[in-house]
Amino acid sequence: MDSKKKNETAYIIAVNDKYNEFKGFVSNNYYGKYILNNSKSDNVKFMTESAATNFIYHNYSFLKDIVGDEDKLFIVPTNYKEEVKVYYVW
Numbered sequence: 014m015d016s017k018k019k020n021e022t023a024y025i026i027a028v029n030d031k032y033n034e035f036k037g038f039v040s041n042n043y044y045g046k047y048i049l050n051n052s053k054s055d056n057v058k059f060m061t062e063s064a065a066t067n068f069i070y071h072n073y074s075f076l077k078d079i080v081g082d083e084d085k086l087f088i089v090p091t092n093y094k095e096e097v098k099v100y101y102v103w
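Numbering-wise, the numbering used here comes out as the position in the sequence shown, counting from 1, plus 13.
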């Protein structure tokens, strides 16, 4: 049972500004452009924290339009019961 619960956990990327105010979750629009979305359901989801980390690292050029210089990126589990372990200062 525990392994099934673990496999159901997906990770999303949340963005806070330099004042630690929530800006939104990284999401995709209909044109394939990355945007910030306040909805918890329509986000870019990852199976592991490392997959989300790789996405941030390799998609900097696409994310720079929506993430400011002093913004923080958080990798958050979708069940929100786990502690947030990884965050990046842009």
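All residues carry an ideal CB built from backbone N, CA and C; glycine is no exception.
**Asked** Is it a yes or a no for the stretch 28 to 35 touching the stretch 55 to 71, going by three-plus beta-carbon pairs under 8 angstroms?
**Response** Cβ pair count under 8 angstroms is below three, so no.
**Request:** Would you check if the stretch 76 to 87 and the stretch 38 to 58 touch, i.e. whether three or more CB-CB distances between them fall below 8 angstroms?
**Result:** Note that the stretch 38 to 58 touches the stretch 76 to 87; at least 3 beta-carbon pairs, one per stretch, sit closer than 8 angstroms.
**Asked** For Ser52, which of His71, Ile25, Asn33 has the nearest alpha-carbon?
**Response** Locating residue 52 in the sequence shown gives position 39, where the first residue counts as 1. Out of His71, Ile25, Asn33, Ile25 has the C-alpha closest to the C-alpha of Ser52.
**Prompt:** Identify the residues that DSSP records as bridge partners of Lys36: which are they?
**Reply:** On the sequence shown, residue 36 is found 23 positions in, with the first residue counted as 1. According to DSSP, Lys36 bridges with nothing at all.
**Message:** With distance defined between alpha-carbon atoms, name the residue in Phe87, Phe75, Glu83 nearest to Lys46.
**Reply:** The count along the sequence shown starts at 1 and reaches residue 46 at position 33. When the alpha-carbon of Lys46 is set against those of Phe87, Phe75, Glu83, the nearest one is in Phe75.
**Asked** Ala27 lies in the beta strand (DSSP E); which residues open and close that run?
**Response** For this step, residue 27 is matched to residue 14 along the sequence shown. Counting along the chain, Ala27 sits inside the beta strand (DSSP E) bounded by residues 24 to 29.
**Request:** Using 10 angstroms around the beta-carbon of Asn33, count the other beta-carbons present and answer buried if the total reaches 16, otherwise exposed.
**Result:** Counted from its first residue, the sequence shown places residue 33 at position 20. With fewer than 16 other Cβ atoms within 10 Å, it is exposed.
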